[in-house]
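Only one structure is covered here, and it is reproduced in the block below.
Number of protein chains: 2
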Amino acid sequence: MSRASDRAYSQIRRMILRADLVPGEQIREEQLAEVCGVSRTPVRDALRRLEAESLISRNESQRSFVAEWSLEDIAEAFQLRALLEGRAAKRAATRITAEQMRALKDCNCRIEAAIACDTPDIGAFLENNRIFHATIMEAAASVRLTNILTSIVEQPVVLRTALQYDRQNLLRSHNEHQALVAAFERCDGDWAESTMAAHIHRAFHAYADIHQRELTDAPCAAMA
Amino acid sequence: MSRASDRAYSQIRRMILRADLVPGEQIREEQLAEVCGVSRTPVRDALRRLEAESLISRNESQRSFVAEWSLEDIAEAFQLRALLEGRAAKRAATRITAEQMRALKDCNCRIEAAIACDTPDIGAFLENNRIFHATIMEAAASVRLTNILTSIVEQPVVLRTALQYDRQNLLRSHNEHQALVAAFERCDGDWAESTMAAHIHRAFHAYADIHQRELTDAPCAAMA
DNA sequence: TCGTATCTTATTGTATACAATTATGGTTCG
DNA sequence: CGAACCATAATTGTATACAATAAGATACGA
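The listed protein sequences derive, respectively, from chains A and B.
If you want this note's numbering, it's the 1-based position in the first sequence plus 5.
If you want this note's numbering, it's the 1-based position in the second sequence plus 5.
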């Protein structure tokens, strides 16, 4: 991660994920080069990678923009994720090692701890949730599936959503993780697949609910 | 397609697909720049894109190689394709326009003609087959699904396989296409999905059979 | 002979200058 | 007043030189 293009990549990526660069905004190579303290060459390199991840898009004349996501786009991404991560869980069920199994359980313990108290530690929840899913991906042992899923999962709008999860959603998520572990322990691929798919679909509706509330609240906020 | 990086991209791509560059072979930016008649800058750009398509891979020290595919990798790619292109067919079933429907039927007619005579026109078969699947993708109207599928489908080893299809496989393929059209006509997404998945799975086994024969024949050829 | 340290060469990474293209604003003409 | 058109500015694309790094070769010592 010491190469200039790597630094540019992760810095630009972080700016998009943190919404410092807002969706629809045009991206100028030179400006980013200044911000990152490198020349345009590594920035161009980074932009190609971010384009492959759909974090930026280009118009017909090669100008770059922070990707905009409609609710439909997001629904589509969640559906794809449910399909593919379900498949990953199925593969994982018959390939997971004892070590990976332990890692999953540890993750869930840490998640349980993070959401136990009155003010849940969302940061810890998110990080352990990430590790949980990454471990399953690793157990699925499919480079291609991993690559595709990575490009689908890490979308700014989705990542920010979890910050607004209420306790009920956090608990449900935890329970679904427990069910996944149970499916793995019984090497039941079909159970794992459907549990994972359901897990992702529920996450989508949690997102949609929050989003809906945002849409509804927005006018009120504007009036206040 | 007039930009130097676009020309480099399609030229290198073609070289890989035609096996002028053999799997596992190291790729040198400067050499490709010479071949394509451009500087290293657009070549580097093209390589990033090809990397995103898994046509080239990089080792830990950033050297590029033509991607190598094990039989397991290929099986995995076909499985993913069956899953995703099945989903695309399902979406297409409820979204396809009259125009697209007509295009599909025309394609199938041309395919029928191409495989009717004693010496099938494999080139025409491949081209119309490509259009057929592309049309369904278009009807599915999902940018993300299209992108992912494109990166999975166009693998050199898979494309070359069809060149060795026997008449029976060509006919089966054609019949499956007809079934897909029928499913679309009835707007039956589930039927379309399972038919497409079966279509892809059959294609895999046709590939595997040919590959198996190659493996078996190879030693004999070496002895002759 | 083997391993290892060091030098040399090959290859990729970055910066910069300039070329090509696209957007923008203003001007003229109908 | 609007539309077509040009001039200019903004932005991206390409070539090239050089820097950094990794691979390969050679020499030396154990």
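Each residue gets a CB set at the ideal place from its N, CA and C atoms; glycine is no exception.
No experiment lies behind these values; they were computed from the predicted model shown.
Rounded to whole angstroms, the separation of the alpha carbons of A/L164 and A/D25 is 14 Å. Under the three-state reduction of DSSP output, B/R53 falls in the helix class. Rounded to the nearest whole angstrom, the CA to CA distance from B/Q217 to A/E117 is 50 Å. Annotation: A/I101 is outside any beta strand (DSSP E) and is labelled neither H nor E by DSSP. The straight-line gap separating the alpha-carbon atoms of B/E34 and B/V162 is approximately 23 Å. The alpha-carbon separation between B/A98 and B/R86 amounts to approximately 18 Å. Here B/L52 is buried: its Cβ has 16 or more other Cβ atoms, across all protein chains shown, within 10 Å.
In the DSSP annotation of this structure, the continuous segment of the alpha helix (DSSP H) that includes B/R177 starts and ends at 172–190.
In the three-state reduction of the DSSP assignment, A/Q217 falls in the helix class, which pools H, G and I. At least 8 Å separates the CB of B/I79 from every CB of chain A. Spatial neighbours of B/D193 in its own chain (CB-CB distance under 7 Å, excluding positions within 5 residues in sequence) are listed in chain order as A98.
Under the DSSP assignment, A/V158 falls outside any beta strand (DSSP E), being part of the alpha helix (DSSP H) whose first and last residues are 148–158.
Annotation for A/A144: A97, R100, I101, Q105 place their beta carbon closer than 6 Å to its own, counting only its chain and skipping 5 residues before and after.
Annotation: A/A38 has no Cβ neighbours in chain B at a cutoff of 8 Å; minimum Cβ distance is about 15 Å. According to the DSSP assignment, A/V163 belongs to no beta strand (DSSP E) but to the alpha helix (DSSP H) extending over 161–166. Ranked by Cα distance from B/L154, the first of B/D111, B/L55, B/A93, B/A103 is B/A93. Contact annotation: B/E30 and B/V71 have beta-carbon atoms nearer than 8 Å. In the structure shown, the three-state DSSP call for B/S69 is strand.
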